[in-house]
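This report refers to the structure that appears directly beneath it.
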Amino acid sequence: MRFPYIYPDPESRSLRAALAEDSGIESEYILAGCGADELIDLIMRCVLDPGDKIVDCPPTFTMYEFDAAVNAARVIKVSRKLDFSLDVEQIAEVVEQERPKCIFLTSPNNPDGSIINDETLLKILTLPVLVVLDEAYIEFSGIESRMSWVKKYENLIVLRTFSKRAGLAGIRVGYGAFPFSIIEYLWRAKQPYNVSVAAEISACAALTNPVYLENVKVALVLERERLFKLLKEVPFLNPYPSYSNFILCEVTSGMDAKKLKEDLAKMGIMIRHYNNKELSGYVRVSVGKPEHTDALMLCLKRLG
């Protein structure tokens, strides 16, 4: 970094140009942020007034509910179905009755790794509500990003991040594609130096090495499929197919999910357990290197 004493470019022009080349959508539609989390909050600050409503579809990423509280918004929850798919009919009913300003969707979803297909998304886009589609894990899904859709649908925002695709979670750099009718207000409201020099340089460097990014993605997807097959052989786990970099497992056969997490932690293996009612009987396993999978399976066999 040659000039660390120089303030960042308020418009992140180098990064947005690189993102335009990477995504195929013009830079005028792109806004960068200090992680996608900043953009979630920025959207709410620009779109919502205190007391306005948003729709959330749990179980999902908890930051939407957190930022709604910060912005004095009300959260209307439309729970997902048992297979974690969206309840489109219920969403449409809630939009009609409650008149929310926006709905936040994640594809692939966190924590189960399911995706929203085109048919479902198109149905939701016909509703009179702003749709914010979080594609934090899209690189691992095998489906194309919907960033270019914002040029056609005025009520669609698509968010992306470098945290997963490039392993830059600690650097904090995210971005989004926005319709012109919305992005002009975000430019007025965002902090001028929200993307640091280090973040912009790191993100641009990642984009200049697409072969590396592709190799990382391919290796992770291959290991995810291997891990899924091995988890299916564990008698007390029911893993769900995932399009992300983790696998959600229902803990069965009378075993306690929280205790499973604690027992594995004592053996040096860290997995995720959720305290909320919807997921209290589940654990989430992140996809790592082959040796990480091997270590996990060895410990699971000892517990079984």
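Residue numbers for the sequence shown follow full-length UniProt numbering, beginning at 1 and rising by one.
Think of the CB as a built atom: it goes at the ideal place given N, C-alpha and C, for glycine as much as any other residue.
One thing to note: residue 200 has its Cβ no nearer than 8 Å to the Cβ of residue 31. Under DSSP, the beta-bridge partners assigned to residue 56 are 77.
By alpha-carbon distance to residue 109, the top candidate from 290, 102, 242 is 242. Here residue 252 is exposed: its Cβ has fewer than 16 other Cβ atoms, across all protein chains shown, within 10 Å.
Residue 83 and residue 225 have their C-alpha atoms roughly 19 Å apart.
Contact annotation: residue 59 and residue 278 have beta-carbon atoms nearer than 8 Å. Boundaries for residue 276: no beta strand (DSSP E) harbours it, and the DSSP string shows neither H nor E there. If you draw a straight line from the Cα of residue 12 to the Cα of residue 106, it comes to about 25 Å. The residue among 9, 20, 111 with its C-alpha nearest the C-alpha of residue 61 is 111. Checking the DSSP bridge columns, you'll see residue 175 partnered with 32, 160. Inter-segment contact for the segment 124 to 134 and the segment 94 to 101 is present: three or more beta-carbon pairs are separated by less than 8 Å. Listed in chain order, the non-local C-beta contacts of residue 42 below 8 Å within the same chain comprise 33, 186, 189, 190, local neighbours out to five positions each way being set aside. Looking at 197, 244, 239, 198, the one whose alpha-carbon comes closest to that of residue 218 is 244.
Beta-bridge analysis with DSSP links residue 249 to 239, 283.
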